[in-house]
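First residue of the first sequence? That's 1 in our numbering, and the numbers climb one at a time after it. Ideal Cβ placement from N, Cα and C applies to all residues, glycine included. Since the model is a prediction, treat every value here as computed from it, not as a measurement. Below is one structure, written out as structure tokens; the observations come after it.
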Amino acid sequence: MLIDEAPIAEGFIDLLKSEGITELYPPQKELIESGILDDGKNLVLSTPTASGKTLAAEIVMIKSLERGKNAVYVVPLRALAYEKFLEFRRYEKLGHKIRLEIGDMDSSKYKRMLDFDILVTTAEKCDSILRSRPEWFREIGILVMDEIHLINTDRGPVYEILISKFQRLFPEIQILALSATIGNPDELADWLNAKLIRSEWRPVKLTEKVKVGDKFEELKRITNKEVADGGQILIFVSSKRGAESVAEKLGEELRLIRKRANELNELRNIQKEILSALNPPTRQCKRLASCVVNGTAFHHSGLVNKQRTLIENSFKKGLIKVIIATPTLAAGVNLPSRTVVIRDIKRYEHGRMTYIPVLEYKQQVGRAGRPRYDKIGNAITLAKTDNERDFLMERYILGEPEPIYSRLGVIPVLRFHILASIASNFANTEESLLKFFRSTFFGYQYGSEERFQDLILDSIDELKNWNFIWFRDKFLLPTKIGVRISELYIDPQTAHNYISLLKKVESMKWFPSLGLLEMLCDSLEMPLLWVNRWEEQKLLAEIESVEDELLRLPEEDSNFLERFKTARVFYDWIDEYSEEDILRKHRVTPGLLNQKLQIAEWLAYSASEISKILGLNRSVKELKKLEMRIRHGVKEELIPLVMIKGIGRVRARRLWNAGFKKPGDLKNASVRRLTPLLGERTAEKIKMELE
DNA sequence: ACGGCGATGTCCGACAGGCAGCCTG
DNA sequence: GTCGGACATCGCCGT
């Protein structure tokens, strides 16, 4: 179908044509022919990666804007939200307002109303807005749920809840659910009372093969051939360690290949940027940097975001030839490559190696073949034996993806969403809650089971026991604290843990930060660090020696060791240890540390807010201080200095050592005096800032 | 003859990823 | 269950 034939605004069509889009892909054509643009019915679009789901969504969204109704586009990852946001910004040319709302932005501060035509957001953020600012969505016409097959994961429940809430609040809303190919798209469509389009069509043909042999030898062969041929490769492995080692070894191979002089220069520039991402660079930075000059890179959660983006962009530019990635990349940003190799089709999971789901295989393999550049995408899976090859052919290449199931039906998850429903006055009787949960995918799949009702009633009970809700006759009302917990978006269990401990220690003489950190880790939100056997003894000994810095005795539960270790790492961070020190001492990579610190900061804030409501004033004060220290990685004495924009932990310490101990001291100093400490530009900026 | 270094062998132990808050008058 | 990595041993080479 030619783009001109699409029943949408001319301006939109012109814009697409100016980007070289002249024809619609078959699934997009089907979407138009389905009639949903006119009848406003819901639609489930279940097609492979890169089959043009985003453009399909754009057509529906623009159509909605034409009718004066705005659109919300929900994605599972922040990086993805950002990517879509940048993509949609081209509609600003047509006069549409595009907005991005994700958790780590402080843009939402002081905002009463958000003015948007298309809002791009993560599922959790969207749910959070829905809890406290539902009026933002008053004009909503279309809700796009991207990657809805993730209903099958831990993150899935919020997807279901979001849909059901939107449907309740805005009965006229049109829902477009975008899914990878799954086993039961018909169930999804039936639940949503939606039309269904399923298709296996891809813009670039995909050849899927399995190769048997020594895995590294195969990788070498494939890489050499591909690179000599001017192509690039994405290799999926199952562990971070594996990614790094393959990147290093293949880099050695590629080093010998002659590179154009300017290519080498550009690679050297990237190398420099990678090294300057952290100051001073860690050994991981150095390792990545040494791969990059050879044209390879590893990509996993241990990298800081700056490095990750750098790697992705250099790959897109064709400078980096091979990326060796953990599954981060399969679900993440759009990064196609002519060839994809799956080195590890198994993954370690609770004590054993298991074959990954077909769904995940399809996601990884779906990265093969760049639209507009390649005629064919190659996907190669490596097997050890002929037997395994046959098995892989059968299961993955010829097989169907699994059906997806709701993961909402467990008490902690239900509790979380039930509190939210009550707190935001969404449902306030047992009957209305039951009715609501019956409208979710969980209700659709399990609503007739006996257990269904019990799970929900048990969750309500617990919330009542924790004093987050109370009964007035048959009405369920939130307590003040219950409302705040729901707004903070923390788990009721976490809040309960914090409250019971903080109440106990409020009267203590001092609040040791290690103890508070240990408390913060006692939450469902914080993924705890792993303790190995060698560390176990060391940690036990350490716990004994710092016992008076803890708020409670170690033997209170089985997670204590992991919690202590995690808290211990945070403690080193706020004790001004460098990333490299932390990497060496605790084997925690910078990316991982960042990610956990961000959670810790949010939890510290939440704990202080809870304390505020409970009137635990000393806790409030100490937790506020701790929050700042976590954010900046400094000892208490540096807090006033890091409050100045442009001054972080390193500069603050330098200033302190030179005798500048508070912002006032800087005011009196000349730029000349500060230049040796901060560099001229920063010194000037900071003087300006202080004026 | 010795030392240094790289290639090969052996055993041990660790194993993906990542969302959520800031509220004023 | 597998793989990488640490460590040990062996063997080649140069001085």
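Item, Value
"Burial state of Asn193 (16 or more Cβ within 10 Å)", "exposed"
"Phe315, enclosing alpha helix (DSSP H) - first and last residue", "305 to 316"
"DSSP bridge partner residues for Val210 (one or two, in chain order)", "Thr381"
"Assumed close pair His300, Ile311 - CB separation to whole angstroms, cut-off 8 Å", "Not really, about 10 Å apart at Cβ, beyond 8 Å."
"DSSP-derived helix/strand/coil call for His299", "strand"
"Ala683 versus Val671: straight-line alpha-carbon distance, rounded", "6 Å"
"Endpoints, the alpha helix (DSSP H) within which Thr328 is located", "328 to 331"
"DSSP state of Asn594 mapped onto helix, strand, coil", "helix"
"From Glu253, Leu234, Asn265, residue whose alpha carbon lies closest to that of Glu217", "Glu253"
"Rounded C-alpha distance that separates Lys29 from Ile610", "52 Å"
"Closest Cα partner of Val120 within the set Arg89, Ile342, Lys480, Arg131", "Arg89"
"Cutoff 6 Å; reference Asp491; Cβ partners in own chain excluding five residues on either side", "Phe416, Leu524"
"6 Å CB neighbourhood of Ser34 in its chain, flanking five on each side removed", "Lys195"
"Under 9 Å between C-beta atoms of Ile320 and Gly295", "yes"
"Residue environment, Val410, which counts as buried when at least 16 other CB atoms sit within 10 Å", "exposed"
"First and last residue of the uninterrupted alpha helix (DSSP H) at Thr121", "That residue, Thr121, is in no alpha helix (DSSP H); its beta strand (DSSP E) goes 118 to 122."
"CB-CB length for Ile342 against Leu288, believed under 8 Å", "22 Å between Cβ atoms; not a contact."
"Residues near Gly679 by beta carbon distance below 8 Å, same chain, minus five either side", "none"
"Inside the segment 441 to 515 only - alpha helix (DSSP H) runs reaching at least 4 residues", "441 to 446, 450 to 465, 480 to 488, 492 to 505"
"Cβ neighbour criterion (16 or more within 10 Å) applied to Phe166", "buried"
"Local conformation of Asn262 per DSSP, three classes", "helix"
"Which of helix, strand or coil DSSP assigns to Asn70", "strand"
"Separation of Gly447 from Asn42, as counted between CA atoms", "22 Å"
"Rounded C-alpha distance that separates Lys259 from Asn269", "15 Å"
"Every unbroken beta strand (DSSP E) within the segment 350 to 414, with a cutoff of 3 residues, ordered by chain", "352 to 355, 376 to 383"
"Cα-Cα separation, Ile469 to Ala81", "34 Å"
"Helix, strand or coil at Glu23 [DSSP, three-state]", "strand"
"Per-residue burial, Lys317 [other beta carbons within 10 Å of its own, 16 or more giving buried]", "exposed"
"Ala297 versus Asp14 - alpha carbon distance", "39 Å"
"Backbone CA spacing between Gly332 and Val292 [nearest angstrom]", "21 Å"
"Pairwise C-alpha distance: Asp522 and Arg568", "13 Å"
"Outcome for His350 when other beta-carbon atoms lying within 10 angstroms are tallied against a minimum of 16", "exposed"
"Cβ neighbour criterion (16 or more within 10 Å) applied to Tyr110", "Because Tyr110 sits at a pLDDT of 49, beneath the cut-off of 50, its placement in the model cannot be relied upon, and the point is left open."
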